[in-house]
Amino acid sequence: MSRFHEEEITCPQCGKTSRFKVWDSVNTQTDEDMKAAVRSLEAFTMHCPHCEYEHVVSYNFLYHDMDEAVMIYHAADKQGEETAQQAFKQAMAVLHDAAHYVCRIVHSFDEMLEKLRIADAGLDDRIIALLKLLAERQVEAQYPEFHTTGCYFIRDEEGKFIIHLIDDGTNEALNVDYEASFAELYETLRNEFSKELEEQSKDVPVIDKAWAVSFLDAVMK
């Protein structure tokens, strides 16, 4: 079941405090409506009753989808990372299908939403991390003045998957069409590197750019 507690939160706009529901864990099997609330960030949005200001509050929490065998821990600080490891260990000890679970730690809502987007599409986030790295390298080779500071797997307005690259230094962004550029390569990586993917991700809850770089270094030796 889902667990939450309430805290006094100070509104950054008017400075007044109000009660705010903080989710310690979200279980979508028992609280199915939380799926949408998490994805819209409504579950983490404070609505100030005094000035009506709205803002998203970042804190540590566990998202658990038993139907999809996915656990994602949003670690807002170092303590969150330690709590996540403990939560995963405890869950794996009691879940009958633990071997099939995907357990991930993320450090921002953007990362969390990306992991959920990937899981919802039935894709492997390890392969997507590799494809994002390849997209980044290709873009920067083609546009040397572009320096990627953010790279996300998202849907565009038409619902198509794209790899969205951001250069905060110039406020520029570039999109790479996933289906046209990487869908076929996704299947190749999935089929030809399944063993290596398992070996390089075993007991590794953070699958990000650093992991992708490490993976490529390992398999290309």
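The sequence shown maps to residues 1 to 221 in this note's numbering. Cβ atoms here follow ideal geometry from the backbone N, Cα and C, with glycine treated the same way. For clarity, every value in this text was computed on a predicted model and none was experimentally measured.
Under the rule that 16 or more other beta-carbon atoms within 10 Å means buried, what is residue i, buried or exposed?
i	result
Phe-44	buried
Val-94	exposed
Asn-171	exposed
Thr-28	buried
Leu-174	buried
For residue i, which residues from the same chain have a beta carbon less than 6 Å from its beta carbon, with the 5 sequence-adjacent residues on both sides left out?
i	result
Leu-131	Phe-182
Tyr-73	Leu-62, Ala-84, Ile-105
Comparing C-alpha positions only, which one of the options sits nearest to residue i?
i	options	result
Arg-190	Asp-31, His-64, Asp-124	Asp-124
Ser-2	Thr-30, Glu-8, Gly-80	Thr-30
Met-92	His-64, Glu-114, Lys-115, Gln-138	His-64
Leu-116	Arg-19, Ser-58, Ser-18, Lys-35	Lys-35
Glu-6	Cys-14, Met-46, Ser-40	Met-46
Ser-108	Glu-52, Val-206, Lys-202, Tyr-53	Val-206
Glu-42	Glu-32, Val-57, Pro-49	Val-57
Phe-146	Ile-163, Phe-161, Asp-167	Asp-167
Ala-180	Ile-163, Gln-142, Glu-192	Ile-163
Leu-134	Val-26, Gln-13, Asp-208	Asp-208
Whose C-beta lies closer than 7 Å to the C-beta of residue i among residues of the same chain, with five residues either side of it excluded?
i	result
Glu-136	Thr-148, Cys-151, Leu-165
Val-204	Trp-211
Phe-4	Lys-21, Val-22, Trp-23, Asp-24
Glu-68	Ala-119
His-96	none
Apart from the five residues just before and just after residue i, which ones in its own chain have a Cβ nearer than 8 Å to its Cβ?
i	result
Ile-127	Tyr-186, Leu-189, Arg-190, Leu-197
Ser-214	Gln-200
Pro-49	Ser-18
CB residue i to CB residue j, shorter than 9 Å?
i	j	result
Ala-76	Asn-60	yes
Val-102	Ala-119	yes
Phe-161	Ala-218	no
Helix, strand or coil for residue i per DSSP?
i	result
Ile-207	coil
Asn-191	helix
Ser-25	strand
Asp-167	strand
Asp-67	coil
Leu-185	helix
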